[in-house]
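Engineer: Residue numbers (the numbering used here), protein chains in the order written: chain A, 163 to 500; chain B, 163 to 500; chain C, 163 to 500; chain D, 163 to 500.
Just so you know, even glycine gets a beta-carbon here, dropped at the ideal spot from N, CA and C.
Keep in mind the model is a prediction, meaning the values are calculated, not measured.
Have a look at this one before I ask anything.
There are 4 protein chains.
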Amino acid sequence: MTRRLNIAIIGAGRIGRVHAEHLAHRIPEANVVAIADVVRAAAEECAAALHIPFVTDDHRAVLTRPDVEAVVICSSTDTHAQLIEAAAEAGKHIFCEKPIDYDLRKIDRALAAVAQAGVKLQIGFNRRFDPSFKRARDMVAEGKIGEPHLVRITSRDPAPPPIEYIKVSGGIFLDMTIHDFDMARYLIGSEVESVYAVGGVLVDPRIGEAGDVDTALVTLQYASGALGSIDNSRRAVYGYDQRIEVFGSVGGIVVTNRTPDNAILSDAEGVHAARPLHFFMERYTEAFVAEMQAFVSCVLDDRPPPVGGMDGRIPVVMGLAAWKSLREQRPMRLTEIG
Amino acid sequence: MTRRLNIAIIGAGRIGRVHAEHLAHRIPEANVVAIADVVRAAAEECAAALHIPFVTDDHRAVLTRPDVEAVVICSSTDTHAQLIEAAAEAGKHIFCEKPIDYDLRKIDRALAAVAQAGVKLQIGFNRRFDPSFKRARDMVAEGKIGEPHLVRITSRDPAPPPIEYIKVSGGIFLDMTIHDFDMARYLIGSEVESVYAVGGVLVDPRIGEAGDVDTALVTLQYASGALGSIDNSRRAVYGYDQRIEVFGSVGGIVVTNRTPDNAILSDAEGVHAARPLHFFMERYTEAFVAEMQAFVSCVLDDRPPPVGGMDGRIPVVMGLAAWKSLREQRPMRLTEIG
Amino acid sequence: MTRRLNIAIIGAGRIGRVHAEHLAHRIPEANVVAIADVVRAAAEECAAALHIPFVTDDHRAVLTRPDVEAVVICSSTDTHAQLIEAAAEAGKHIFCEKPIDYDLRKIDRALAAVAQAGVKLQIGFNRRFDPSFKRARDMVAEGKIGEPHLVRITSRDPAPPPIEYIKVSGGIFLDMTIHDFDMARYLIGSEVESVYAVGGVLVDPRIGEAGDVDTALVTLQYASGALGSIDNSRRAVYGYDQRIEVFGSVGGIVVTNRTPDNAILSDAEGVHAARPLHFFMERYTEAFVAEMQAFVSCVLDDRPPPVGGMDGRIPVVMGLAAWKSLREQRPMRLTEIG
Amino acid sequence: MTRRLNIAIIGAGRIGRVHAEHLAHRIPEANVVAIADVVRAAAEECAAALHIPFVTDDHRAVLTRPDVEAVVICSSTDTHAQLIEAAAEAGKHIFCEKPIDYDLRKIDRALAAVAQAGVKLQIGFNRRFDPSFKRARDMVAEGKIGEPHLVRITSRDPAPPPIEYIKVSGGIFLDMTIHDFDMARYLIGSEVESVYAVGGVLVDPRIGEAGDVDTALVTLQYASGALGSIDNSRRAVYGYDQRIEVFGSVGGIVVTNRTPDNAILSDAEGVHAARPLHFFMERYTEAFVAEMQAFVSCVLDDRPPPVGGMDGRIPVVMGLAAWKSLREQRPMRLTEIG
């Protein structure tokens, strides 16, 4: 049998359970040996379903176990940076859900700890592992479209999260657009130098009252000279709208939405097809499995993670720049942020 | 915790392992307690991977276990009828891969044993559980297209199976078209009264030497007056081509192929998209899970299986009729077969 | 200025006016010099709109004019064969709407007259000139799909014609399927050897009372070994459904419907697109222009017409064979017809 | 017979000939009575082909003719404003190709003359009459998507015009984006308040040397709160890329490209479809006819033109604002321009 990586899960909420299940059932090289959650019952339920032998409500009990080689951090965002530091100091390899933090100093301290410990750190930008987006990126990298000139990203949620979540989310650019900022870098492999953001409160006035916007449009200028545009909405009534487009000197690539079925009805009214897959759990199932597979493989094979610490930091800088741009109504260079 | 159904797998080949894995990992109401294969090593390997407690090379050792409530028969086709009889006599509920047999007398004996024992029998026509085909059938049943008038089924494999397999397969109509015969019945809920089959050896002359055809076109006449057409090829170089169409008095439904990704490249040559999902394991993954879920649910809830014994028998009659039609070059009523 | 061909139109009904307008406005090498219709007012109205100098209610007055080099026959079907004979004897080149006749003897006499006179005869199978179908045929001819194995043609009208028309139409196979029989030959360049037809009265019982069927499915066996299938309905509520498919050893081609617009609406109910172009006048506008352009060019350049006399005769044989097959419930070889 | 409008064409270049042909052949209510071009031979050639009775090389000879009721101005851009003034003073209704001018003072003087004379003025923003874009706008107006939130316009030419043309074109925002500025207003019926433009020279360095950019991305903020984005490239190797998207509170509309044919080839490499229609003459044929039909109808029926003088002025303001935004690297309110 091939060698298996012993993994502990920290955080047994929705995304933690998803990762735990994928690691337990769909990644033969992974062995989930422990799970921690401050809500012990959540950890226990997950452990029972997946035959995870060790359960705790204290992540420190996980980090001190010698059999644990790697941790998957799925706890609340405000704990990420600190847990990365602690795990790095304990010599564990780390997968951490995005974002690391909204505070660049905390991010930098966490990344320093990782570098110091020489452990691997992968950030959970799952969309890079979506087969369609990955295929687009691969075609760009293979030169199928020549030099990239324009990037367009549409990313719209089916419905806003609860207003209480919005209030602590860091706002649309750090909570939602952050995935698109990562995608913008990933697709063409060039860095963004400046952003210009506009936004509005068109979906729900309570989002505005919380100091956030619910509809946004961000212009990107890349170091390569390419231009980019991201549009976001917190509510697309037809479902989760996730499309990208890259246009270049010798071609263009469009990625359309995925649907639950391919049945098309024609009747006297028109031609009717299914709406897109409803939300991220359905849309990115394959991507969640693939990112975890990539993490396990990079540890076992001692290769650099496909989404490293700086890949976690830069989209936060972009998100902060977008907020500053929106407030000051001017384009913002990333160097103005840090 | 909800009650779980104790299941034994008989046959640890490719499809047996697929079902075992789905039952173990993706269907919480299932509990795989035993696995049997005449090749004991195959059963053991599967058991180890999925934590199945009991392993044997003798299916009888499974049928005598009191904890086994249901069996999933995935052994070679020539053993299906006999295993159904034995399992029914042992009082076990039965899921059996298609076809039951190519001999109607054996089928009838097996179905009689099932009826006698009062156990449930579900046949493995997995395509009924494909989300797209199911959506089409549901829309037909909801009256979205009114009265069905025409059914078109395209079903082409990416490449022929080994010639040795062809020789014992029962020929294209019983091996390949049988799925389409089932689909033809399923889609509109009317029975077929007669078939007319034409065929040719256009892919590989060795298939012709084996007494089979590799390209076929079958016309169906339904009891309702509707007409149907099925076309098959053993080799579609672009991949697994699985499309259906139902046309009726107030609308029509088309189901197109599913693809591994939605990335579309436009360049100076044209607009290029991905080929269909390569073969049945990729194309029908969701369907394999859903059919097993349906089986487990119908046993636990004491409902009739969604694909019963007669659903297993009739497509065999259709396949035999198609062969007779091809040989005699005339339309064949199913009543001429049995 | 390039030389122009002097043309007379015989028949100023719907299709006659269409051809006249195309010749007058969209084909610079054509010069419409005369128009005849037994309903003189119809001819006069068309002449006034298009500045056609000579108008008559007697086609003979057209055929005796020395300035007329070619005629476009758009009169009622029962006059076609006789007009072809007369025009050939007058030494005029001929474009004739399909079908030449339903009586093979009349067809043969007309074709003999054409051969005797050495004039050109083109039959109005306009669909060959549709850009999509032509592109499919060209790709087949270029070898893009290798050896053709399967042909599928779907051809459904938005609504049945008046029952009075049905009664004199020759029935579905000679009135409607005849276009598909031509398409079947055109697409792969192989002759059909036998047909098997089934049909039903599912749309309108009056069609059945008229001795016709309104829904049909025809199986074709080609000399090359390829197989074909045509399905027809007199009523597709979603519009004119005109699709073809050719499948071969190294690829397959599908032609989907054309739509009036490309606007796609996504809402809470689904994703909605336009229905196909409504009927043949919209769907085949480009094809009508292109076939007339081809006729004018073949006369001016002294090349054989792209759709010759035998191309007009063979689909009639196929239609007669289909009727005989339907009635006798057996496959019919074309050699049994004549 | 219905009353016909007597029209004179001024300018017999490419677009002038297109309009003349449509008026002569496809719009029965139009009567082309005169054509003028400073290159008399061009006017004469067009007149001969279309049977236009009066030809001149002096537009004044057209404006003094009492039989001329309306003029269609297709001369070079620098003459538009002056010709509008002269035609208005002569009491002629006016269709004028876009743009009126790049100088707002000249535009305002022309519009004043039109208002003074009480004649009708329609500007040639043909894309509004494209069936797909019109369908999108109509669905927006019907409330199918609720309140519009986001507008996306992609507009890319297959290849740059000659560099000599670029030099006098007013630059990308006044030459190319101007159509998209009009579309942005048209689609949702709300005015744009500010624009932010970024651009680059990625296609051809000579375009940069001419002081222009060849790739651009413009952000729009509407009075309604909606946001918009336009992207342009002077060279899309796969052809003329003309897509729009409007997203709103209860739905979204996407308009995809139109293609010359619907034949789709599947082979071992992938699935291949046709590129978009090559350029504006193919893509917007129906739109050119429809805009001219609309002009003729609005004059004959004494209704306001569908694209009036302010519709010609505002996109010029937007283009000037985009240039200023690009140069000053900040968002620009239209009120800063005039």
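1) Along chain C, in chain order, which residues have C-beta atoms closer than 9 Å to that of Arg437 (chain A)?
2) Would you call the segment 418 to 437 of chain D in contact with the segment 400 to 418 of chain C, where contact means no fewer than 3 C-beta pairs closer than 8 Å?
3) Report yes if the CB atom of Ile406 (chain C) is closer than 7 Å to the CB atom of Ile315 (chain C), and no otherwise.
4) Which one of B:Ala249, B:Ala252 and B:Gly173 has the shortest CA to CA distance from Thr218 (chain B)?
5) Are Met454 (chain C) and Leu185 (chain C) close, meaning C-beta to C-beta below 7 Å?
6) Quick check: is the beta carbon of Tyr400 (chain D) nearer than 7 Å to any beta carbon in chain B?
7) Suppose you measure from the CA of Arg299 (chain D) to the CA of Pro293 (chain D); what does that come to, to the nearest Å?
8) Rounded to the nearest angstrom, what separates Ala303 (chain A) and Leu382 (chain B) at their Cα positions?
9) Check whether the segment 272 to 284 of chain B touches the segment 386 to 397 of chain B, taking contact to mean three or more Cβ pairs, one atom from each stretch, closer than 8 Å.
10) Ends of the alpha helix (DSSP H) at Val330 (chain D)?
11) Kindly list, in the order they appear in chain C, the residues whose Cβ is closer than 7 Å to that of Val360 (chain B).
12) Using a C-beta to C-beta distance shorter than 8 Å, which residues of chain B count as neighbours of Gly413 (chain A)?
13) Can the beta-carbon of Ala435 (chain A) be found closer than 7 Å to that of Val399 (chain C)?
14) Does Glu490 (chain C) come out as helix, strand or coil in the three-state DSSP assignment?
15) Can you name the residues of chain A whose CB is closer than 8 Å to the CB of Arg420 (chain B)?
16) Rounded to the nearest angstrom, what separates Met163 (chain D) and Ala204 (chain C) at their Cα positions?
17) Which two residues bound the contiguous alpha helix (DSSP H) that contains Pro367 (chain D)?
18) Closer than 8 Å between beta carbons: that is the criterion. Which residues of the segment 323 to 346 of chain A meet it against chain D?
19) Using a C-beta cutoff of 7 Å, does Leu364 (chain C) count as contacting chain B?
20) For His311 (chain A), is the classification buried or exposed, using 16 other Cβ atoms within 10 angstroms of its Cβ as the cut-off for buried?
21) Can you find a CB in chain B that lies within less than 7 Å of the CB of Met301 (chain A)?
22) Please check if any C-beta of chain B sits within less than 7 Å of the C-beta of Asp393 (chain C).
23) Quick check: the Cα distance between Ile256 (chain B) and Gln284 (chain B), rounded to an integer number of angstroms?
24) For Arg495 (chain C), tell me which candidate among C:His440, C:Leu439 and C:Tyr384 has the shortest Cα-Cα distance.
25) Are Val276 (chain B) and Gly474 (chain B) closer than 7 Å when you measure CB to CB?
26) Roughly how many angstroms lie between the CA atoms of Arg267 (chain A) and Thr241 (chain A), to the nearest whole one?
27) Grab me the residues of Phe343 (chain D)'s own chain with a C-beta within less than 6 Å of its C-beta, minus the 5 sequence neighbours each way, in chain order.
28) Nearest chain C C-beta to Arg492 (chain B) closer than 7 Å, yes or no?
29) For Thr421 (chain C), which residues in the same chain have their Cβ closer than 8 Å to its Cβ, ignoring the five residues on either side in sequence?
30) Please list, in chain order, the chain B residues whose beta carbon lies closer than 8 Å to that of Leu312 (chain C).
31) For Ser356 (chain D), which residues of its own chain have a beta-carbon under 7 Å away from its beta-carbon, when the five flanking residues on both sides are left out?
32) Compare the C-alpha of Arg227 (chain C) against each of C:Ser238, C:Val194 and C:Leu212 and name the closest.
33) Using a Cβ cut-off of 8 Å, pull out every chain B residue sitting near Ser386 (chain A), in sequence order please.
34) With 7 Å as the C-beta to C-beta threshold (strictly closer), list the residues of the segment 277 to 302 of chain B near chain C in chain order.
35) What is the DSSP secondary structure of Tyr400 (chain C), reduced to helix, strand or coil?
36) Listing by chain order, which chain A residues have their CB less than 8 Å from the CB of Val416 (chain B)?
Structural biologist: Let me lay it out:
1) Ser428, Asp429, Ala430, Glu431, Gly432 and Val433
2) yes
3) yes
4) B:Gly173
5) yes
6) yes
7) 10 Å
8) 50 Å
9) no
10) Ile325 to Val330
11) Thr381, Gln383 and Leu389
12) Leu427, Ser428, Asp429 and Ala430
13) no
14) helix
15) Asn424
16) Legend: pLDDT at Met163 (chain D) = 47, less than 50; position of this residue unreliable, value from coordinates given subsequently. C-alpha separation (whole angstroms): 15 Å.
17) Pro367 to Glu371
18) none
19) yes
20) buried
21) yes
22) yes
23) 6 Å
24) C:Tyr384
25) no
26) 14 Å
27) Pro477 and Met480
28) yes
29) Ala435, Ala436, Arg437, Pro438 and Leu439
30) Thr377, Leu379, Asp393 and Ser395
31) Gln383, Pro493, Met494, Arg495 and Leu496
32) C:Val194
33) Within 8 Å Cβ-Cβ: nothing; Ser386 (chain A) doesn't reach chain B, min ~20 Å.
34) none
35) coil
36) Ala425, Ile426 and Ser428
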